[in-house]
Amino acid sequence: MSLITVVGSVNRDFVLTVKNLPHPGETVLARHFVEGVGGKGANQDVAAARLGSRVRLVARVGADASVDALASEGVDVGAVRSNGLAATGIATAVVDDAGENTIVVNPGAGADLSVQDLPARLVRSPGEDVLVQHEIPADVVERAVLRAHEQGGIVVLTPAPARSTRRYWPPSTSSSPTSANSPRFTAPTGPPSSTRPEPCWSAPRSRAGPSW
């Protein structure tokens, strides 16, 4: 079975559900609260693992139980580095009854992910998938995309939060998006994914309601 490699973020997610989003300076009471493990990288890895794929994650976390939670889902965490000097990233989302939301992310240890953390072989066999997102430093995204492309992998880039990809997505490689060794973008639908809450897949603690 081929291997899917995800280079991305791991966050602790705090999701509060309210009737209406607060105005500047206003305090409102939440109806539900869910805490769990999330982040675009972790979410993609766990989703793939639950569908039966072999997956590994390249990421940085703090000194908490995030790695154990990922490993329990069948994710290969051998390339996840723990940083004792920084906490795992934090994402706080406030969601109203209409689905509108505000999200604040502190990348935490994820901001320390470096090019040196990338495995020399991101692609072990030609045609393997490498998934990357924009919640990690830009130089890591650039090197991961180009290295995977050079090694014959299929690169799936989630360009959120939105930023320029010109340095690592030249027209000469994106002109054939379906070829086995050309990078390709995912195609988000609906509102920009940088403004949509992503349900955390692990909810060790919840109050006044289930995980969603």
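Just so you know, we're using our numbering here: the sequence shown kicks off at 135 and counts up by one.
No residue lacks a Cβ here, since even glycine has one placed at the ideal position from N, Cα and C.
Nothing here was measured: the structure is a model prediction, and the numbers come from that model.
Spatial distance of residue i from residue j (CA atoms)
i      : j      : result
Leu91  : Ile288 : Residue 91 falls outside the range modelled here, since the chain spans only 135 to 346, and no answer is possible.
Gly218 : Gly196 : 6 Å
Ile270 : Ala245 : 6 Å
Asp210 : Arg190 : 4 Å
Val152 : Gly186 : 35 Å
Ser200 : Asn154 : 31 Å
Arg146 : Asp179 : 15 Å
Ser76  : Gln267 : No answer is possible for residue 76: the residues shown for the chain start at 135 and end at 346.
Ser309 : Ala282 : Summary for Ser309: the model assigns pLDDT 32, below 50, so the residue's position carries little reliability, and this model does not support an answer.
Glu276 : Thr299 : 8 Å
Val141 : Arg297 : 17 Å
Thr161 : Pro253 : 46 Å
Pro241 : Arg194 : 10 Å
Gln285 : Arg165 : 49 Å
Glu357 : Ala227 : With the chain covering only 135 through 346, there is no way to say anything about residue 357.
Thr307 : Val238 : For Thr307, the pLDDT reaches just 47, beneath the cut-off of 50, and the residue's location in the model is therefore unreliable, although a value from the coordinates is still provided. Taking the straight line from one Cα to the other gives about 34 Å.
Ser136 : Ala243 : 29 Å
Ser316 : Thr292 : With a pLDDT of only 42 at Ser316, under 50, the local geometry of the prediction cannot be trusted, and the value read off the model is given with reservation. When rounded, the distance between both Cα atoms is 15 Å.
Residue i - DSSP class collapsed to helix/strand/coil
i      : result
His268 : coil
Leu280 : helix
Arg190 : strand
Asp231 : coil
Asp198 : coil
Leu291 : strand
Val171 : strand
Phe319 : Residue confidence for Phe319 is low, a pLDDT of 44 falling below 50, so the modelled location carries little weight; the figure read from the coordinates is stated next. Strand.
Val275 : helix
Leu204 : helix
Val257 : coil
Gly324 : Legend: pLDDT at Gly324 = 40, less than 50; position of this residue unreliable, value from coordinates given subsequently. Looking at Gly324 - three-state DSSP - the assignment turns out to be coil, as it is neither helix nor strand.
Ala245 : helix
Gly142 : coil
Range of the contiguous alpha helix (DSSP H) that encloses residue i
i      : result
Asn217 : Looking at the DSSP string, Asn217 is not in any alpha helix (DSSP H), and its letter there is neither H nor E.
Val180 : 174-184
Heavy atom of the ligand MG within 7 Å of residue i beta-carbon
i      : result
Pro241 : The ligand MG is absent from the structure shown, which contains no ligands of any kind.
Segment limits, beta strand (DSSP E) that includes residue i
i      : result
Asp147 : 145-151
Nearest-angstrom beta carbon gap, residue j and residue i [assumed within contact, 8 Å]
i      : j      : result
Asp273 : Val257 : With 8 Å as the limit, Asp273 and Val257 do not qualify as a contact, their Cβ atoms being about 19 Å apart.
Gly175 : Val149 : Going by Cβ atoms, the distance from Gly175 to Val149 rounds to 18 Å, so no, they are not a contact pair.
Thr139 : Val214 : Not confirmed; about 12 Å, so no contact.
Ala221 : Val171 : Actually they do not touch by this definition, with Cβ atoms about 13 Å apart.
Gly208 : Ala181 : Actually they are not in contact, since the Cβ atoms of Gly208 and Ala181 sit about 11 Å apart, beyond 8 Å.
Gly173 : Gly223 : 6 Å
Residue i - partner residues in DSSP beta bridges
i      : result
Asp210 : Arg190
Thr286 : Sequence inspection shows Gly at residue 286; the Thr mentioned does not correspond to that position. In DSSP, Gly286 forms no bridge with anything.
Leu137 : Arg188
Asn240 : Ile224
His166 : Thr151
Asp263 : Ile288
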